[in-house]
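Below: one structure, written as structure tokens.
Protein chains: 2
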Amino acid sequence: MSVTAPRGFRASGVVAGLKSSGARDVALVVNDGPAAAAAGVFTANRVKAAPVLWSQQVLRGGLVRAVVLNSGGANACTGAPGFQDSHATAEHAAAALSGSAVAAAPEAAGTGGRFPSIGAGEVAICSTGLIGERLPMDRLLPGVDAAVVGLAIDGGPAAAEAIMTTDTRPKTTVVTGAGWTVGGMAKGAGMLAPALATMLSVITTDAVAGPAVLDEALRAACRVSFERVDSDGCLSTNDTVLLLASGASGIAPTQAELTAAVTQACRDLARQLIADAEGASKEVAIEVVGAGAEDDAVEVGRAVARNSLVKTALFGNDPNWGRILAAVGTTTAAFDPDGIDVAVNGVWVCRSGAAAEDRSKVDLSGRQVTIQIDLHAGPDEATIWTNDLSHAYVHENSAYST
Amino acid sequence: MSVTAPRGFRASGVVAGLKSSGARDVALVVNDGPAAAAAGVFTANRVKAAPVLWSQQVLRGGLVRAVVLNSGGANACTGAPGFQDSHATAEHAAAALSGSAVAAAPEAAGTGGRFPSIGAGEVAICSTGLIGERLPMDRLLPGVDAAVVGLAIDGGPAAAEAIMTTDTRPKTTVVTGAGWTVGGMAKGAGMLAPALATMLSVITTDAVAGPAVLDEALRAACRVSFERVDSDGCLSTNDTVLLLASGASGIAPTQAELTAAVTQACRDLARQLIADAEGASKEVAIEVVGAGAEDDAVEVGRAVARNSLVKTALFGNDPNWGRILAAVGTTTAAFDPDGIDVAVNGVWVCRSGAAAEDRSKVDLSGRQVTIQIDLHAGPDEATIWTNDLSHAYVHENSAYST
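From first to last, the protein sequence lines are chains A and B. When the letters of the first sequence are read in order and numbered with the working numbering, they come out as residues 17 to 418. When the letters of the second sequence are read in order and numbered with the working numbering, they come out as residues 17 to 418.
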């Protein structure tokens, strides 16, 4: 049920004609309340898309009533006119939503069955697609109108579908707490990023929680989920993760409970992103243990995850541990080069920095690959998820402008 | 004439049976003097191959009489026994060379037509090939003997051939000064690196110059040549560049003259590496101008050079400037995201961070590509050379263990 699993949310996904394929391309998620607290995490890329700049402003208030998401265009590198397009979209959505009927959401904090009157500053915007082109506003704004009309308490799956680009399937999640629920959707199959892996994700909950609690939960969750995914090392201009709380359950979990549930939702979505990464034939977990610090483990895992020679070797079913060691050697992590152990799918092919078990014992025929790296430098650890580098990746990213 | 273009050098390249192909795989370069000053630059990878650890020790003395190079095995991640193999190779070469006839090099600083008696500490070792396996010493040492016998003043081309791995052609260069010469060879077609781009290179000169002058010349040259090449962002365990001076010309150029000649030789070799990079269909020059500092220009150029989405777009003849901007945005360089101009093959497709000239005007059908990035943040600039990311790269690096 995606973002509409928690009470107090409606969503929709419609065809606005932004995608030439004719598939759904505008999604709307609204928070019917009673609360409308929110938190957001955005791309670390300094070249930020207009919707990111807009939504960062909106999130500063900690209050979000609606999120408009579109595929079919990133509205990035579009200058001041592009920012005005994001602003106009928020204005348009706010006007269309204000006073609209919410009969379909009977549990909503009754304002006489009507959505409250809201301003553009309560509407976040997310966009994904080709960089450098303006959005066709003559199609987008009617699409927003249609999305408002289409809002439904079971609209989560349609919304998840509408934000897909090169994704082959929608990504959704539901995590249940004691009387409260977390739901979520995400898209992203390319440009999975070092600092923030997903292009777009909206997480919802009916828990009672204010902006500060949501912010802490979302940052903690992203740090060990989306930020541990590194498919191709490329950092998008548009990455956005939003967490919205309606409070409709009437239950206020502890910070720890909320953080745990949001983390589980984000991890579930992050794994779905890796599973559907562009042209990947392997899903690779790089488990770094024995690190002197968690940051060291993350640095080592990421260096291995981004190494083209490691990734092509995995595509070729070659347990080339020498390339793994060469990647580890590029980091500043604490380790002794002659003290590193490496296992591929459970076979310790490298002990103390040199050949150990016979590499021919390694079975790489399956889709799931686990690389274990023991730095023997301390008690800390981290796992990074990545993919192989395949012909299909090259094909998908060379044949299409995305 | 490669490394034997300057006077005072002999070289050879022989078949020792390290490569299953039966091609030449052991090279020897000797400095017949009268001087034997040397400098070296080595990989920044913390996982260093045994020959790198050995040669770093040798170079500390600033004196190198001979260099043994082998393809067919990197002798990396081989622990203490691997280091002992490098040591034994140097011992073996020193013994075979000491007192051997140098009739073929009449201009050599006469010791009665005999090579002087040298120790292992005057012999540098370079290896390239698969990581993680011991070298077959029973083949390598007889190969060294054959290489000593084969030494010739026109042996440079054979030596350049013997160090090839996945290279499709040998790389050599000659730069002439006023009465003195610089010669060189290099190999490297994969693992072209962020911190040092070539796997192996030996530069020779008959100029009169001491170790400190050579060191300054070599570091300055590498900084703007091999270190500006970034084919796949992968840093090798074995990268080594050596500069040997025989003094046989009797002419001592100024530091500036020597640096300029060595830089020209290194740049020529670096360009040959990019031209022959594994599976590349494009040679790409990324010219960053208007930078606030040279380091900023290098950081931006490298971020673009390593971006898989930029590289696959180039393979697909797609002037996808949005991906270029997204890569620039990941850096810490000084710039205003709304103030960047980008040209692809001369067409300014992006001005002030947004779309400008029609991207369809860009002709990417040729092999040479120039990307110009103007940061509008200062007077500094740098050029990074890279390649596209092609099906052939994936094929070559997934189908073979290298």
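For glycine and all other residues, C-beta sits at the position ideal for the given N, C-alpha and C.
With DSSP run on the structure shown, which of helix, strand or coil describes Leu330(A)?
-> helix
Skipping 5 residues on each side, what residues in its chain have a beta carbon closer than 8 Å to that of Ser414(A)?
-> none
Nearest to Ala109(B) (by Cα), restricted to the options Gly95(B), Thr347(B), Asn86(B) = Asn86(B)
Going by alpha carbons, who is nearest to Val19(B) out of Leu380(B), Val257(B), Pro335(B)?
-> Val257(B)
Could you give the uninterrupted runs of the beta strand (DSSP E) lying entirely in the segment 314-392 of chain A, keeping only those of 3 residues or more?
-> 357-360, 363-367, 384-390
Separation of Ile387(B) from Asp374(B), as counted between CA atoms | 16 Å
Residue ranges of each alpha helix (DSSP H) run of no fewer than 4 residues wholly in the segment 274-316 of chain B, ordered along the chain?
-> none
Given that Val68(A) touches chain B, what residues does it touch there, using C-beta distances under 8 Å?
-> By Cβ distance, chain B contributes nothing, its closest Cβ being about 11 Å from Val68(A), past 8 Å.
Would you list the residues sitting across from Ile219(A) in a DSSP beta bridge?
-> Gly200(A), Leu259(A)
If you draw a straight line from the C-alpha of Cys238(A) to the C-alpha of Gly172(A), how long is it?
-> 21 Å
Would you report the Cα separation of Val304(B) and Val314(B), rounded to the nearest angstrom?
-> 8 Å
Ala398(B) - containing beta strand (DSSP E), residue span = 396-403
When the distance is taken between beta carbons, is Val224(B) closer than 8 Å to Gly166(B)?
-> no
Residue from Ile340(A), Asp101(A), Arg81(A), Phe331(A) with nearest C-alpha to Glu14(A) | This structure cannot settle anything about residue 14(A), because the visible part of chain A is limited to 17 through 418.
Answer with buried or exposed for Pro227(A), where buried requires no fewer than 16 other C-beta atoms within 10 angstroms of its C-beta.
-> buried
Does any residue of chain B bring its CB to less than 8 Å from the CB of Ser368(A)?
-> yes
Along chain B, in chain order, which residues have C-beta atoms closer than 9 Å to that of Ile147(A)?
-> Asn336, Trp337, Gly338, Arg339, Leu341, Ala342
Pairwise C-alpha distance: Gly95(B) and Ala65(B) = 9 Å
If Val198(A) sits next to Ala281(A), beta carbons under 8 Å apart, how far is it from one beta carbon to the other, in whole angstroms?
-> 5 Å
What residues match up with Arg26(B) in a beta bridge as DSSP calls it?
-> Val46(B)
Helix, strand or coil for Ala194(B) per DSSP?
-> coil
Specify, as a first and last residue, the run of the beta strand (DSSP E) that Cys93(A) falls within.
-> First-last for Cys93(A): undefined, no H or E at that position.
Given a limit of 7 Å on CB to CB distance, which residues of the segment 84-112 of chain B reach chain A?
-> Ala92, Cys93, Thr94, Gly95
Decide yes or no for the touch test of the segment 102-116 of chain B against the segment 26-39 of chain B: beta carbon pairs closer than 8 Å, at least 3 of them.
-> no
How far does the beta strand (DSSP E) with Gly56(A) in it reach, from first residue to last?
-> 53-58
Asp390(A): beta carbon under 7 Å from a heavy atom of the ligand MG?
-> Among the components of this structure there are no ligands whatsoever, and the ligand MG is therefore not found.
Helix, strand or coil: which one does DSSP assign to Asn86(B)?
-> strand
Beta-bridge pairing of Cys142(A) - partner residues as DSSP gives them | Leu85(A)
Under the assumption that Leu260(B) contacts Asn47(B) (Cβ atoms under 8 Å), give the Cβ distance between them as a whole number of angstroms.
-> 5 Å
Which word fits Ser36(A), buried or exposed, when buried means at least 16 other C-beta atoms lie within 10 angstroms of its C-beta?
-> exposed
Using a cut-off of 7 Å between C-beta atoms, extract the partners of His407(B) located in chain A.
-> His407, Val410
Spatial distance of Ala301(B) from Asn403(B) (CA atoms) | 9 Å
With Val385(A) and Val363(A) assumed to form a contact (beta carbons below 8 Å), what rounded beta-carbon distance in angstroms separates them?
-> About 12 Å; that fails the 8 Å criterion.
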